[in-house]
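If you read the sequences in order, they're chains A and B. Residues in the first sequence are numbered consecutively from 78, following the numbering used here. Residues in the second sequence are numbered consecutively from 509, following the numbering used here. Okay, structure first, notes after.
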Amino acid sequence: MVRLIGILTGLFFTVAVLWAFATGAYTAATEGLGEKTAESEFHEHPREVAFTHDGAFGHFDRQQLQRGYQVYKEVCSACHSLRLVAFRNLSDLGYTEAEVKAEAASWQVPGIDPNTGEATTRPGTATDYFPKPFANDVAAAAANGNAIPPDLSLMAKARHDGPAYIYSLLVGYTDPATHKNEAGQTLAQTFPDSMPGAGLYFNPYFPNLNLAMAPPLTSDGQVTYADGTEASIDQMAKDVSAFLAWSAEPTLEKRKQTGWPVIGFLLFATILAFLAKKQIWAAVTPKRKD
Amino acid sequence: MSFPWAKHYEPKAPVMRWIDEKLPLPRLVYNAVGAGYPVPRNLNYMWNFGVLAGFALVLQIVTGVILAMHYAPNATVAFDSVEHIMRDVNWGWMLRYAHANGASFFFVVIYLHIFRGFFYSSYKAPREMVWLLGVVLFLLLMATAFMGYVLPWGQMSFWGAKVITGLFSAIPLIGEPLQIWLLGGYAPDNAALNRFFSLHFLLPFVIAGVVILHIWALHIPGSSNPTGVEVKSESDTVPFHPYYTAKDGFGLGVFLIIYAALTFFQPNALGHPDNYIPANPLSTPAHIVPEWYFWPFYAILRAFTADLFFLPAKLLGVLAMFAAILVWFFLPWLDKSPVRSGHYRPLFRKFFWFGLIPAMAVLFWCGGAPAEEPYVMLSQIATAYYFLHFLVILPIVSAFERPEPLPFSITEAVLGSDKKAVLGENTTPAT
Numbered sequence: 078m079v080r081l082i083g084i085l086t087g088l089f090f091t092v093a094v095l096w097a098f099a100t101g102a103y104t105a106a107t108e109g110l111g112e113k114t115a116e117s118e119f120h121e122h123p124r125e126v127a128f129t130h131d132g133a134f135g136h137f138d139r140q141q142l143q144r145g146y147q148v149y150k151e152v153c154s155a156c157h158s159l160r161l162v163a164f165r166n167l168s169d170l171g172y173t174e175a176e177v178k179a180e181a182a183s184w185q186v187p188g189i190d191p192n193t194g195e196a197t198t199r200p201g202t203a204t205d206y207f208p209k210p211f212a213n214d215v216a217a218a219a220a221n222g223n224a225i226p227p228d229l230s231l232m233a234k235a236r237h238d239g240p241a242y243i244y245s246l247l248v249g250y251t252d253p254a255t256h257k258n259e260a261g262q263t264l265a266q267t268f269p270d271s272m273p274g275a276g277l278y279f280n281p282y283f284p285n286l287n288l289a290m291a292p293p294l295t296s297d298g299q300v301t302y303a304d305g306t307e308a309s310i311d312q313m314a315k316d317v318s319a320f321l322a323w324s325a326e327p328t329l330e331k332r333k334q335t336g337w338p339v340i341g342f343l344l345f346a347t348i349l350a351f352l353a354k355k356q357i358w359a360a361v362t363p364k365r366k367d
Numbered sequence: 509m510s511f512p513w514a515k516h517y518e519p520k521a522p523v524m525r526w527i528d529e530k531l532p533l534p535r536l537v538y539n540a541v542g543a544g545y546p547v548p549r550n551l552n553y554m555w556n557f558g559v560l561a562g563f564a565l566v567l568q569i570v571t572g573v574i575l576a577m578h579y580a581p582n583a584t585v586a587f588d589s590v591e592h593i594m595r596d597v598n599w600g601w602m603l604r605y606a607h608a609n610g611a612s613f614f615f616v617v618i619y620l621h622i623f624r625g626f627f628y629s630s631y632k633a634p635r636e637m638v639w640l641l642g643v644v645l646f647l648l649l650m651a652t653a654f655m656g657y658v659l660p661w662g663q664m665s666f667w668g669a670k671v672i673t674g675l676f677s678a679i680p681l682i683g684e685p686l687q688i689w690l691l692g693g694y695a696p697d698n699a700a701l702n703r704f705f706s707l708h709f710l711l712p713f714v715i716a717g718v719v720i721l722h723i724w725a726l727h728i729p730g731s732s733n734p735t736g737v738e739v740k741s742e743s744d745t746v747p748f749h750p751y752y753t754a755k756d757g758f759g760l761g762v763f764l765i766i767y768a769a770l771t772f773f774q775p776n777a778l779g780h781p782d783n784y785i786p787a788n789p790l791s792t793p794a795h796i797v798p799e800w801y802f803w804p805f806y807a808i809l810r811a812f813t814a815d816l817f818f819l820p821a822k823l824l825g826v827l828a829m830f831a832a833i834l835v836w837f838f839l840p841w842l843d844k845s846p847v848r849s850g851h852y853r854p855l856f857r858k859f860f861w862f863g864l865i866p867a868m869a870v871l872f873w874c875g876g877a878p879a880e881e882p883y884v885m886l887s888q889i890a891t892a893y894y895f896l897h898f899l900v901i902l903p904i905v906s907a908f909e910r911p912e913p914l915p916f917s918i919t920e921a922v923l924g925s926d927k928k929a930v931l932g933e934n935t936t937p938a939t
């Protein structure tokens with residue numbers, strides 16, 4: 078009885094799902110499989126880019142993080158917040174305690190006037206978090222063509238292949254009238270409706286191709302690096318991507334450094350366990366007759 | 509019940525004797541996972557995963573309880589409290605990655621454990637109750653994992669909660685009120701997050717309780733084995749300790765190496781980047797996908813894209829998704845072959861390796877892919893096979909198949925034609 082009901086139930090679900098398959102196959106046969114869209118034809122995966130923090134032995138390049146921080150401070154922070162990072166965290170970048178305090182003091186953070194209780198601003202201290210550039214989302218949207226600039230703290234973990242994505246996006250702005258995809262087509266020819274509207278900029282690395290952020294890195298030497306490195310657009314994009322990889326996971330180095338002793342211990346323990354197992358089982362394991 | 513030759517607990521140290529007289533807990537442990545439990549001597553490494561699953565449960569409870577000391581189950585601060593754990597709590601990043609990847613570790617082990625059961629028909633008499641409790645455990649585990657994934661309150665947490673609780677709205681008449689009642693609101697919000705946290709904390713202890721029943725039920729008939737031939741004499745068995753404690757120790761080591769490599773070097777590989785974006789009810793992610801361990805069932809849910817007469821596609825999908833697991837409850841009665849092990853069932857074996865395994869692989873793959881062609885059509889074919897396999901092929905094959913000759917006993921299977929037993933004195937020829 079169980080089997081009879083089972084077979085009938087099985088046939089019911091099979092018929093139902095094959096009916097859905099037939100419907101889908103009919104649609105595919107008459108209308109073709111999956112329509113081409115501007116995104117499917119022009120969206121590109123992030124470029125290959127190497128960072129020192131890649132791989133199982135990865136570590137941050139402190140000089141690069143400091144340069145990246147400088148780019149964030151002088152360029153990105155005009156619109157993007159970094160709300161999960163505190164000034165005290167900057168000591169990870171190789172700054173001394175005095176430098177961290179001085180750096181914090183160079184930012185204005187929200188405060189309360191001790192005499193009147195009115196909202197005001199004051200120089201930051203090491204325990205403060207990075208201030209937000211806009212008072213609230215409405216103000217952020219109003220100042221940026223109705224798009225809210227996202228917080229950057231976790232950006233490197235919140236996108237596939239995050240640091241490479243950030244780098245590619247920053248250097249990937251191009252003219253949709255002349256940019257050709259792999260098939261040699263331009264957006265203007267094939268999907269004129271997807272051309273960027275007013276206040277939008279074409280970038281093949283952005284999921285829907287047009288974004289509200291104007292190219293932020295526009296000229297070489299836009300930032301004057303304190304360590305004398307030449308600030309090409311490419312260099313600035315790489316540096317700020319590395320900085321954001323750090324801000325997304327300040328514990329990345331410690332994680333990778335911890336991993337090796339853990340694996341080493343486990344390997345040792347597992348070899349011991351294997352030998353113990355072999356010895357214990359030897360008494361009851363039949364010997365092969367050759 | 510146990511085999512008559514099972515060793516009896518005889519405490520040597522006075523303190524153990526003292527405890528054993530007052531509370532026979534040492535005796536219980538000795539008989540459950542010690543030398544007092546005779547186990548077939550021919551278990552292969554597929555029999556490691558029960559112990560590994562138990563280890564994963566303990567690992568999840570230990571890391572989870574500590575994480576709960578730092579986590580705040582409130583929709584306004586939940587996301588930031590997780591980042592607080594990652595950034596400011598000492599070793600918090602390790603605890604969280606260990607817990608998140610520990611869930612994956614748990615599911616890898618459980619899936620292997622279940623598929624071991626499928627191949628060797630571990631569900632057959634006299635072990636039906638072990639199997640039924642196992643399916644209950646799997647359902648509890650899925651519920652716990654789902655609610656755990658909601659807690660970081662990222663985009664996938666929120667939208668996953670919305671999609672999964674939305675499934676209940678497919679139930680006719682009571683669906684919508686039921687969904688609102690489950691969520692404590694019209695959409696996932698603080699009420700839902702709070703109850704999910706509460707249940708996520710509670711359910712692992714319920715799981716631990718059912719695990720005890722699972723092991724208890726197992727100890728009545730004793731463990732199954734790769735030949736599927738029941739234990740006949742003492743020479744067929746070895747004591748659990750030290751033989752299987754040693755073998756499980758090695759298996760655990762291998763598994764922990766893989767787990768540690770993932771936790772320390774690719775901790776986010778199995779997660780979704782969108783969950784590092786705070787939950788936003790106004791912005792729907794392009795592709796909402798659950799965690800990888802739900803993909804086969806998510807693929808089945810989405811395979812039903814067309815209404816059948818008066819049955820809407822959504823309801824069919826929800827029914828099929830639940831049926832896909834509930835069907836496991838009936839396996840002991842669907843598969844009537846007297847032979848247990850797939851090693852001696854030529855036809856069953858073919859359907860297992862060339863039918864069920866590829867179908868599950870396709871469902872895994874399609875469940876994680878966007879709801880586009882060709883993934884939808886592939887998952888439809890795999891779904892059809894899935895139901896045919898368990899509900900149609902298995903009963904029919906078990907009725908007509910001619911099994912291959914079985915070994916006389918476990919000892920014979922291990923020692924070949926030489927029937928001389930190596931272990932134990934009171935070996936009696938089985939009749």
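We put the CB at the ideal spot given by N, CA and C, even for glycine.
Along the region 187–203 of chain A, none of the residues has a CB nearer than 8 Å to a CB of chain B. Here A:Tyr103 is exposed. Its C-beta has fewer than 16 other C-beta atoms within 10 Å. For the options B:Pro804, B:Thr745 and B:Gly757, the alpha carbon positioned closest to that of B:Ala832 is the one of B:Pro804.
Pairing A:Phe211 with A:Pro253 gives a Cβ-Cβ distance that is not under 8 Å. Note: A:Ile189 is bridge-paired with A:Ala196 in the DSSP secondary-structure output.
Inclusion of B:Pro840 and B:Glu529 in the CB contact set at 8 Å is not warranted, their separation being larger than that value.
The alpha-carbon separation between B:Asn698 and A:Leu344 amounts to approximately 44 Å. In this structure, the straight-line span from the alpha carbon of B:Ile715 to that of B:Phe705 is close to 16 Å. Counting along the chain, B:Thr652 sits inside no beta strand (DSSP E); it lies in the alpha helix (DSSP H) bounded by residues Glu636 to Val658. Contact of B:Gly761 with chain A by beta-carbon distance below 9 Å involves Leu343, Leu344, Ala346, Thr347, Ile348, Leu349, Ala350 and Phe351.
Between A:Leu161 and B:Arg595 a beta carbon distance of about 7 Å is seen, short of the 8 Å cut, so the two are scored as contacting.
In this structure A:Lys331 is exposed. Its beta-carbon is surrounded by fewer than 16 other beta-carbon atoms within 10 angstroms. Contacts between B:Ala831 and chain A, judged by CB atoms closer than 8 Å, involve Thr86 and Phe90 in chain order. Contact of A:Trp358 with chain B by beta-carbon distance below 8 Å involves Tyr751, Ala754 and Lys755. Chain order gives the chain B residues near A:His237 as Pro781, where near means a beta carbon separation below 7 Å. A direct Cα-Cα distance of roughly 8 Å separates B:Asn539 from B:Tyr517. Beta-bridge pairing by DSSP links B:Val547 to B:Val746. Here B:Arg549 is buried. Its C-beta has 16 or more other C-beta atoms within 10 Å. Using a Cβ-Cβ cut-off of 8 Å, B:Pro820 does not count as an interface residue toward chain A, since no Cβ of chain A sits closer than that to its own.
As a beta-bridge residue in DSSP terms, A:Lys257 pairs with A:Thr263. Against chain A, a Cβ distance below 8 Å from B:Gln888 picks out Val94, Leu95, Ala97, Phe98 and Gly101. Per DSSP, B:Trp555 lies in no alpha helix (DSSP H) segment and is marked neither H nor E. In this structure, the straight-line span from the alpha carbon of B:Pro789 to that of B:Leu896 is close to 39 Å. In the three-state reduction of the DSSP assignment, B:Leu816 falls in the strand class. With at least 16 other beta carbons inside 10 angstroms of its own, A:Asn166 counts as buried. In this chain, the alpha helix (DSSP H) harbouring A:Ser324 covers Ile310 to Ala325.
Comparing alpha-carbon positions, the option among B:Lys755, B:Asn776 and B:Tyr883 lying closest to A:Ile357 turns out to be B:Lys755. In the DSSP secondary-structure assignment, A:Leu288 is bridged to A:Tyr278.
The beta carbon of B:Tyr767 sits closer than 6 Å to the beta carbons of Phe613 from its chain, once the five residues preceding and following it are set aside; these are given in chain order. Closer than 8 Å to the CB of A:Thr335 there is at least one CB belonging to chain B. Residues of chain B whose Cβ lies closer than 7 Å to the Cβ of A:Val79 are, in chain order, Phe838, Trp841 and Leu842. Listed as beta-bridge partners of B:Gly662 by DSSP are B:Pro786. Close to A:Val339, with beta-carbon spacing below 8 Å, are these residues of chain B in chain order: Ala768 and Phe772. For A:Leu231, the nearest beta carbon of chain B is closer than 8 Å to its own beta carbon. In terms of CA proximity to B:Asn552, B:Ser731 leads the group B:Ser731, B:Leu823, B:Phe817 and B:Val585. Between the beta-carbon of A:Pro363 and that of B:Leu902 there is about 35 Å, and that puts the pair past the 8 Å contact cut.
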